[in-house]
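Undergrad: Numbering follows UniProt numbering, in which position 241 of the sequence shown is assigned residue number 241; successive positions increment by one, without gaps. No residue lacks a Cβ here, since even glycine has one placed at the ideal position from N, Cα and C. One structure, as structure tokens, below. Some questions next.
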Amino acid sequence: MKLAQEVIEQLAIRLENCELQAQDTPKITDDHPDMDWDDAYAIQDEIKRRKIARGARIVGLKAGLTSHAKMKQMGVETPVFGFLADYFSVADGGEIDTGKLIHPKVEPEIAFVTKAPLRGPGCHIAAVLAATDFVIPAIEIIDSRYRDFKFDLKSVVADNCSSSRFVVGGRMGDVAGLDLRTTGIVLEKNGEPVAFGAGAAVLGHPAAAVAMLANMLGERGEEIPAGTLILSGGITEAVAVQAGDAVTLRVQGLGSTSVRFR
Ligand code: OOG
Ligand code: MG
């Protein structure tokens, strides 16, 4: 760790206030170029601690930057992880007030729900599939607190990986009957198809993103508990949205989920 505890707390407050007040900020590595990975996750942990202290519950985890499309779009090369708080969850078909967000984008994802704990190191696709209760379509709404979505990896980790809202819906799928690599997805905005892909875009298999998450948590002595919702990462580039837009994600064999922006 390179940053003092006091600086970590100040940066957590700055980033969380940006989230809560829908304001952007320059990336934090501009002022702290020497900060390291542990500092970045310590800032994210401090944001989580602040939310829990205010009564929020943590309802899931997310892996991010797990597809080449996303890595290329954001100019970074390593997957990252973050947490999902209760108020990020929006009902299927629900509405999101863009006045509470900065510059939202939507991502088509496949979400996993576990029925057994997963712990790294050495977690792999087969362990993830054995521990999966079901998979379900998910739209993640990301909203980087950084000006113009411009960041480096440490800045984005500190900012809880741009997490903002998410929607899950459609059919709960049993992984035994699915080949998630070839599972196709279509993302529609206002009735027009705007992005297409297949599960293999995410690290070759979306379950690999969950395994990677378990392995990253394992390095910190943590695990993915049973009953955890996990967003496995955007399959395509993220698509910008604004008030008035309606977005639907269709996933082959798993139905669809939608969200509107006002
Ligand atoms: C970081 C979050 C990325 C994903 O699914 O790749 C993410 C960002 O691109 O702002 O959630
Ligand atoms: Mg995502």
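#1: Let me know if Glu-77 comes out buried or exposed under the rule of 16 or more other beta-carbons within 10 Å of its beta-carbon.
#2: Is Glu-140 close to chain D? Criterion is C-beta to C-beta, closer than 8 Å.
#3: Determine, using beta carbons only, whether Val-113 and Leu-229 come nearer to each other than 8 Å.
#4: Listed by chain order, which residues have C-beta atoms less than 6 Å from any heavy atom of ligand 2?
#5: Does any heavy atom of ligand 1 sit closer than 7 Å to the C-beta of Cys-18?
#6: Taking its Cβ as the centre, do 16 or more other Cβ atoms sit within 10 Å of Lys-72, making it buried, or is it exposed?
#7: For Gly-253, I'd like the list of residues in its chain whose CB is within less than 7 Å of its CB, leaving aside the five on either flank, ordered along the chain.
#8: Anyone know if the C-beta pair for Ala-240 and Lys-27 falls short of 8 Å?
#9: Check whether the Cβ atoms of His-205 and Leu-180 sit closer than 8 Å, and answer yes or no.
#10: Could you give the residue range of the alpha helix (DSSP H) that holds Arg-14?
#11: Under a Cβ-count criterion, where at least 16 other Cβ atoms within 10 Å of its own Cβ denotes burial, should Arg-262 be classed as buried or exposed?
#12: Measuring only the C-alpha atoms, how far is Thr-25 from Asp-148?
#13: Relative to the C-alpha of Leu-84, which residue among Thr-98, Ala-63, Lys-70 is closest?
#14: Round the Cβ separation of Ser-144 and Phe-151 to the nearest angstrom and send it over; I've been treating them as touching at under 8 Å.
#15: Can you give me the C-alpha to C-alpha distance between Leu-61 and Leu-213, rounded to a whole angstrom?
#16: Please name the residue, chosen from Ala-12, Ile-52, Met-216, Arg-260, that lies closest to His-124 on a Cα-to-Cα basis.
#17: Check whether the stretch 151 to 171 touches the stretch 192 to 207, counting contact only when three or more Cβ pairs, one atom from each stretch, lie closer than 8 Å.
#18: Taking the straight line between their C-alpha atoms, what separation do you get for Pro-137 and Arg-171?
#19: Ile-105 by DSSP, collapsed to three states: which one?
#20: Within the present structure, is the beta-carbon of Ser-144 separated from the nearest heavy atom of ligand 1 by less than 7 Å?
#21: Looking only at C-alpha atoms, which of Leu-101, Asn-17, Pro-33 sits nearest to Leu-153?
#22: Do you know offhand how far Ala-40's Cα is from Glu-6's?
#23: Please list, in chain order, all residues of the same chain as Val-175 whose beta carbon is under 7 Å from its beta carbon, the five residues on each side excluded.
TA: Walking through what the data contain:
#1: exposed
#2: In the structure shown, chain D does not exist; there is a single protein chain.
#3: yes
#4: Lys-62, Gly-64, Glu-107, Glu-109, Glu-140, Ile-142, Leu-231, Gly-233, Gly-234
#5: no
#6: exposed
#7: Gly-173, Leu-178, Thr-183
#8: no
#9: yes
#10: 5 to 21
#11: exposed
#12: 9 Å
#13: Ala-63
#14: 6 Å
#15: 9 Å
#16: Met-216
#17: no
#18: 8 Å
#19: Looking at the sequence itself, residue 105 is Lys, so the reference to Ile does not match. Reduced to three states, the DSSP call for Lys-105 is strand.
#20: yes
#21: Pro-33
#22: 14 Å
#23: Leu-129, Thr-132, Val-135
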